Each structure stands twice: as C-alpha cells, then as structure tokens.
Amino acid sequence: QQQVKQSPQSLIVQKGGISIINCAYENTAFDYFPWYQQFPGKGPALLIAIRPDVSEKKEGRFTISFNKSAKQFSLHIMDSQPGDSATYFCAACAGGTSYGKLTFGQGTILTVHP
Amino acid sequence: DGGITQSPKYLFRKEGQNVTLSCEQNLNHDAMYWYRQDPGQGLRLIYYSQIVNDFQKGDIAEGYSVSREKKESFPLTVTSAQKNPTAFYLCASSKKGLAGDYEQYFGPGTRLTVT
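First to last, the sequence lines map onto chains U and Z. Each residue of the first sequence is one higher than the one before, counting from 1 in the numbering used here. Each residue of the second sequence is one higher than the one before, counting from 1 in the numbering used here.
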C-alpha cells in the first residue's frame, strides 16, 4: 500500500515536444506529491509539488495533473529541451506519524533529442 | 551559501570495515533523512530524524546506524553487517512545522564502493 508506481521507465522525446510521466498510488493517506529531477551523479532537486486539494499546478513549462479519485498524478513537460534530459522521480508523503517519509517511484529516464 | 553538504563525494572501503558518511546542513531544518539509491531504482529511506537526539528506522535500516547530536549534522554509519553496501547515498533535510512543510532538499550524494 506504500508503493508509488511510475511509468514509463524511459522516455525519448524530440525537442519541442511534450513529455508525460505518470504515477499511481494506493495509500489514501498520502497528501503531498512532489516531483524531483536528478542529473547523473547529482542529488535530486525538487521540481514541483502538489497537494490533493487542487487538480493542477503549473510552474513554467512543468505542470502536475492530479486525479484524486483515480489515485494518479502526472508530470507534463511542455516544449521539452535537451537540457531537460534527466531522471525524474515522483514521490508521495503522508502526514501524522509518517511525517516526512517520502515514498519514491522507480524513476523515468527522459532523453530529449535536439 | 545555504545548503546540504555531504562528504566525501567518493568513498572506497574494504569489505568488513565500518564507514561513516557525513551530512551537514545550514538551512536550520529540523528534519533530516538518509536515502540509498541503486542503479535503475528509486530512493529508499534508511533512517530519518525529526528532531535532535531522536531518529526512526526507515524501510531498509538493517546494517546501518545514525546519530543526531546536533541539529546541523546527521552522520550515517554503514556497518559490516550491511550485506550489499555499494550504492549512492543521499542525505536530505526539511523544515517541520504545524502546517506540515514536507519539502525535502537533497545533498550532492556520496558514492560508496565496497570491495
């Protein structure tokens, strides 16, 4: 029930295209859903996050779509650029005694071809 | 320059030796975390600490130990009991408030190789 399932494992997109990465969860206690971007040999960097009281959040070219009833959320990268090539992780967190315990998806390796 | 520092960046040890990974933060964050990352896998939580002198086991704590004597520091010891210690280790921290600020910020990581 603690799992977060992420797909696809890898994604190849042409420059200017839209990259879409999906995540699904089971634990209804999750109330915070961040996305992280990681470049090789570096630590993950927080990209954008959403709470379940909204269905969409946009920051620049990055948008999170959230479907509470389906227990799914996705990251959309508009106008994808070669510099976006990285590994992306979704995660989820519950409050209460589970405070701060992020559960991560398996990651998606995004390659944007010029 | 605020942030999280981890040292060293690369660490090599012989099997059977304990090794301690350093993590320091100057963000005044209450909570700190240790994750392990293996190739092609997500991050798995080893230990976390929400306050000084207190810490809890994460999902894969066996073979690891931590201490939290200062707010700024959360060292991780990889003991000889850890069966497969070669991995990329990541430290993170976050604020903790009544509103439940969950944003975690990660350090640059330490790549540990045990032979």
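We put the beta carbon where it would ideally sit given N, CA and C, even for glycine. All values reported here derive from a predicted model rather than from experimental measurement.
Query raised in the report: Can you tell me the Cα-Cα spacing of Thr63 of chain U and Gly16 of chain Z, whole angstroms?
Result: Your numbering for residue 63 of chain U matches position 63 in the first sequence. Your numbering for residue 16 of chain Z matches position 16 in the second sequence. The straight-line gap from Cα to Cα measures roughly 47 Å.
Query raised in the report: Using the beta-carbon of each residue, which ones in chain U are nearer than 8 Å to Gly109 of chain Z?
Result: As a working mapping, residue 109 of chain Z is identified with position 109 in the second sequence. Simply Gly41, Lys42, Gly43.
Query raised in the report: Beta-carbon of Tyr33 of chain Z versus every beta-carbon of chain B: anything under 8 Å?
Result: Absent from the structure: chain B. Protein chains present are U and Z.
Query - Cα-Cα separation, Val66 of chain Z to Phe73 of chain U - result: Your numbering for residue 66 of chain Z matches position 66 in the second sequence. Your numbering for residue 73 of chain U matches position 73 in the first sequence. Each residue's alpha carbon lies about 34 Å from the other.
Requested in this report: Could you tell me whether the segment 38-58 of chain Z touches the segment 9-25 of chain Z, using the rule of 3 or more Cβ pairs below 8 Å?
Outcome: No contact exists between the segment 38-58 of chain Z and the segment 9-25 of chain Z.
Requested in this report: Go ahead and label Gln81 of chain U buried or exposed: buried means 16 or more other beta carbons lie within 10 angstroms of its beta carbon, across all protein chains shown.
Outcome: On the first sequence, position 81 is the one that residue 81 of chain U refers to. Label assigned to Gln81 of chain U: exposed.
Query raised in the report: Which value, in whole angstroms, describes the spacing of the CA atoms of Tyr105 of chain Z and Ser93 of chain Z?
Result: On the second sequence, position 105 is the one that residue 105 of chain Z refers to. On the second sequence, position 93 is the one that residue 93 of chain Z refers to. Using only the alpha carbons, I get a separation of about 5 Å.
Query raised in the report: DSSP beta-bridge partners for Leu75 of chain U?
Result: Within the first sequence, numbered from 1, the residue matching residue 75 of chain U stands at position 75. Assignment of beta-bridge partners to Leu75 of chain U by DSSP yields U:Ile21, U:Ile64.
Query - Through-space distance from Lys15 of chain U to Leu98 of chain Z, alpha-carbon basis - result: In the second sequence, the residue the question calls residue 98 of chain Z occupies position 98. In the first sequence, the residue the question calls residue 15 of chain U occupies position 15. The predicted position of Leu98 of chain Z is uncertain, since its pLDDT is 46 and thus under 50; a value taken from the coordinates is nonetheless stated next. Between Leu98 of chain Z and Lys15 of chain U, the C-alpha separation is close to 43 Å.
Requested in this report: Just grab the DSSP bridge partners of His29 of chain Z for me.
Outcome: Here residue 29 of chain Z refers to the residue found at position 29 of the second sequence. The partner list for His29 of chain Z (beta bridge, DSSP) is empty, contrary to what the question assumes.
Query raised in the report: From the beta carbon of Ser22 of chain Z, is the nearest beta carbon of chain U less than 8 Å away?
Result: Within the second sequence, the letter at position 22 stands for residue 22 of chain Z. Taking Cβ atoms only, chain U never reaches closer than 8 Å to Ser22 of chain Z, which makes this a no.
**Report entry** Outcome for Lys57 of chain Z when other beta-carbon atoms lying within 10 angstroms are tallied against a minimum of 16
**Finding:** In the second sequence, counting from the first residue as 1, residue 57 of chain Z sits at position 57. It counts as exposed.
Query raised in the report: Quick one, which of U:Leu110, U:Phe89, U:His76, U:Pro114 has its alpha-carbon nearest Thr103 of chain U's?
Result: In the first sequence, counting from the first residue as 1, residue 103 of chain U sits at position 103. Checked all of U:Leu110, U:Phe89, U:His76, U:Pro114; the closest Cα to Thr103 of chain U is U:Phe89.
**Report entry** DSSP bridge partner residues for Pro34 of chain U (one or two, in chain order)
**Finding:** Sequence index remark: in the first sequence, residue 34 of chain U carries index 34 (1-based). Note: Pro34 of chain U sits in a beta bridge opposite U:Ala49.
Query - Where Lys70 of chain Z falls: helix, strand or coil (DSSP) - result: The sequence position of residue 70 of chain Z within the second sequence is 70, counting from 1. Note: Lys70 of chain Z maps to strand in three-state DSSP.
Query raised in the report: What whole-angstrom Cβ distance do Pro85 of chain Z and Val114 of chain Z have, given they're in contact under 8 Å?
Result: By 1-based counting over the second sequence, the position of residue 85 of chain Z is 85. By 1-based counting over the second sequence, the position of residue 114 of chain Z is 114. The Cβ separation is near 5 Å, so the contact holds.
Query raised in the report: What first and last residue would you give for the beta strand (DSSP E) that runs through Glu15 of chain Z?
Result: The residue you call residue 15 of chain Z lines up with position 15 of the second sequence. For Glu15 of chain Z, no beta strand (DSSP E) segment is defined, and its DSSP state is neither H nor E.
Query raised in the report: From Z:Gln6, Z:Glu24, Z:Asp38, Z:Trp34, pick the residue whose C-alpha is nearest to that of Ala87 of chain Z; which is it?
Result: Taking the second sequence and counting its residues from 1, one reaches residue 87 of chain Z at position 87. If we check each option's Cα against that of Ala87 of chain Z, Z:Asp38 comes out closest.
Query raised in the report: Can you pull the DSSP bridge partners for Tyr10 of chain Z?
Result: Mapped onto the second sequence, residue 10 of chain Z falls at position 10. Per DSSP, Z:Arg111.
Query raised in the report: From Asp79 of chain U to Ile18 of chain U, what distance separates their C-alpha atoms?
Result: In the first sequence, counting from the first residue as 1, residue 79 of chain U sits at position 79. In the first sequence, counting from the first residue as 1, residue 18 of chain U sits at position 18. The straight-line gap from Cα to Cα measures roughly 6 Å.
Query raised in the report: Where does the unbroken beta strand (DSSP E) through Glu59 of chain U begin, and where does it stop?
Result: To locate residue 59 of chain U, count along the first sequence from 1; it is residue 59. Looking at the DSSP string, the run of the beta strand (DSSP E) that includes Glu59 of chain U is 56-59.
Query - Listed by chain order, chain Z residues near Tyr25 of chain U by CB distance under 9 Å - result: Taking the first residue of the first sequence as 1, we reach residue 25 of chain U at position 25. Per Cβ cutoff of 9 Å: no residues; Tyr25 of chain U is ~13 Å from chain Z at best.
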